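K.L.:
This structure is in structure tokens; I'll ask about it shortly.
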Amino acid sequence: AQKVTQAQTEISVVEKEDVTLDCVYETRDTTYYLFWYKQPPSGELVFLIRRNSFDEQNEISGRYSWNFQKSTSSFNFTITASQVVDSAVYFCALSGFPQGGSEKLVFGKGTKLTVNP
Amino acid sequence: NAGVTQTPKFRVLKTGQSMTLLCAQDMNHEYMYWYRQDPGMGLRLIHYSVGEGTTAKGEVPDGYNVSRLKKQNFLLGLESAAPSQTSVYFCASSERRVSGANVLTFGAGSRLTVL
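What follows is the structure, given as structure tokens:
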């Protein structure tokens, strides 16, 4: 069975601090995909990034970076120099390799990030 | 460029009442999904559809029914609402999988309260 654990329920930082959101996953699939979604206070989920299990290169997009480590089954997300607009709930999700079915993501329970001015 | 539209956005029901949530997408996506979001539980899949006329159960299907009569629409029905179905419901859609996991596009959510 697939499982995603986001151990940090809530994190509170002061603006300009760096913050890392942890994500640990479990799967028996050799090929899988990992995602991060952002849910701002408005409520709509926004896609941030997707990684496949064969690509362990870290990725950086502006102030956002992601560290994928298969050895520890982790896909952590770091926000550098956080801003108030980063305040949101962040979800990590896992999808197994398709086997004739549709996309069925397994979500973690989310980490609520509050960035205070 | 509406994307995924859910109606209604808010609804209050009494126990035992029925209702239908409508999801419409204008991206010609093949796959559609209904999730529910509860505090501390993340998102859980209720039902999904891989194409017009097909539906399948997700993780928490009990108490819900769905229909996909048209490719662009995915309806979620509650025949006899219960307080345990108080939640925020999200519809999502994605393209048919080509090279792997597709990205889901989500609607804005529908907040349902069952008294």
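The listed protein sequences correspond, in order, to chains U and V. Numbers given in the working numbering equal positions in the first sequence, counted from 1, plus 239. Numbers given in the working numbering equal positions in the second sequence, counted from 1, plus 13. A virtual CB, placed ideally from N, CA and C, is assigned to each residue, including glycine. On a predicted model such as this, the values are computed, not experimentally measured, just so you know.
Just confirm the distance between the C-beta atoms of Q245/U and D261/U, as a whole number of angstroms; I'd bet it's less than 8 Å.
P.N.:
Yes, they are in contact, since the Cβ atoms of Q245/U and D261/U sit about 7 Å apart, within 8 Å.
K.L.:
With three or more C-beta pairs closer than 8 Å as the rule, is the region 30–47 of chain V touching the region 80–99 of chain V?
P.N.:
Contact between the region 80–99 of chain V and the region 30–47 of chain V is present, because at least three Cβ pairs lie under 8 Å.
K.L.:
In this structure, what does DSSP give as the bridge partners for F315/U?
P.N.:
The question names Phe, but residue 315/U in the sequence shown is Asn. In the DSSP output, where bridge partners are listed per residue, N315/U has N306/U.
K.L.:
For V253/U, which three-state DSSP category applies?
P.N.:
Strand.
K.L.:
At which residues does the beta strand (DSSP E) containing M45/V begin and terminate?
P.N.:
Note, M45/V: beta strand (DSSP E), 44–51.
K.L.:
Near E249/U, which residues of its chain fall below 6 Å by C-beta distance, leaving aside the five closest residues on each side in sequence?
P.N.:
For E249/U, where only same-chain residues beyond five positions count, the Cβ hits under 6 Å are K351.
K.L.:
Applying the 10 Å Cβ sphere with the 16-neighbour rule, what's the burial state of R290/U?
P.N.:
Buried is the call here.
K.L.:
In its own chain, which residues sit with a C-beta less than 6 Å from the C-beta of S93/V, not counting the 5 before and 5 after it?
P.N.:
Cβ within range, chain order: G29.
K.L.:
Using a cut-off of 8 Å between C-beta atoms, extract the partners of G122/V located in chain U.
P.N.:
Here the neighbours are G282, E283.
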